[in-house]
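Undergrad: For the sequence shown, position 17 (counting from the first letter as 1) is numbered 18 according to my numbering, and the numbering increases by one without interruption.
Just so you know, even glycine gets a beta-carbon here, dropped at the ideal spot from N, CA and C.
None of these values were measured; they are calculated from a predicted model.
Here it is, the structure, as structure tokens.
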Amino acid sequence: MKWTVHCFLLLFSAHTMSAQCWSLVWEDNFNGTTLNTADWNYAIGGSFNNELQYYSDSPNNVKVENGLLKLTARQESLNGYDYSSGRIDTRFKVGFTYGRVEGRMKLTRGQ
2 MKWTVHCFLL LFSAHTMSAQ CWSLVWEDNF NGTTLNTADW NYAIGGSFNN
52 ELQYYSDSPN NVKVENGLLK LTARQESLNG YDYSSGRIDT RFKVGFTYGR
102 VEGRMKLTRG Q
């Protein structure tokens, strides 16, 4: 059994002082065939929030193709966990204090 999250577009916007005026400060459309590690980190390991999966950087769990970021959870044993999955973040690479985050995602149904 596997679950996949498809992220089509991720936008980060920063709010300016005037009301309802936003300016784009960063975006990633996931063009290319690999994760842009200049902007993204693979979060590897388990027990981030007592979750049941071990996070890996395997292409089975994190893949970029056709303008999509695909994070896939799989029911498989990995480092003592019954599930594997992908997890990424922008820690120490991309950030802002205030703003609006937009994303377009397709999530599978289930728990």
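Nearest-angstrom Cα distance between serine 86 and serine 48?
TA: Approximately 12 angstroms, taken between the alpha carbons.
Undergrad: Going along the chain, which residues of its own chain have a beta-carbon closer than 6 angstroms to the beta-carbon of glutamate 52, five neighbours each way excluded?
TA: There are no such residues.
Undergrad: For leucine 69, which beta-bridge partners are listed by DSSP?
TA: Per DSSP, Glu66.
Undergrad: Using DSSP's beta-bridge definition, name the partner residues of serine 86.
TA: Its beta-bridge partners are Tyr56.
Undergrad: Which class does leucine 108 belong to by DSSP, given the choice of helix, strand or coil?
TA: Leucine 108: coil per DSSP, three-state reduction.
Undergrad: If you count every other CB in all the chains shown that lies within 10 Å of the CB of leucine 25, and 16 or more means buried, which is it?
TA: Exposed, by the Cβ-count rule.
Undergrad: Helix, strand or coil for arginine 92 per DSSP?
TA: Of the three classes helix, strand and coil, the one that applies to arginine 92 here is coil, per DSSP.
Undergrad: Got a sec? Which residues, its chain only, sit under 7 angstroms from asparagine 32 by beta carbon, not counting five neighbours each side?
TA: Closer than 7 angstroms at Cβ, skipping near neighbours: Gly68.
Undergrad: Mapping DSSP to helix, strand and coil, what is serine 78?
TA: It is a strand residue.
Undergrad: Just tell me which of Leu108, Leu70 and Glu77 has its CA closest to the CA of tryptophan 41.
TA: With distances taken between Cα atoms, tryptophan 41 lies closest to Leu70.
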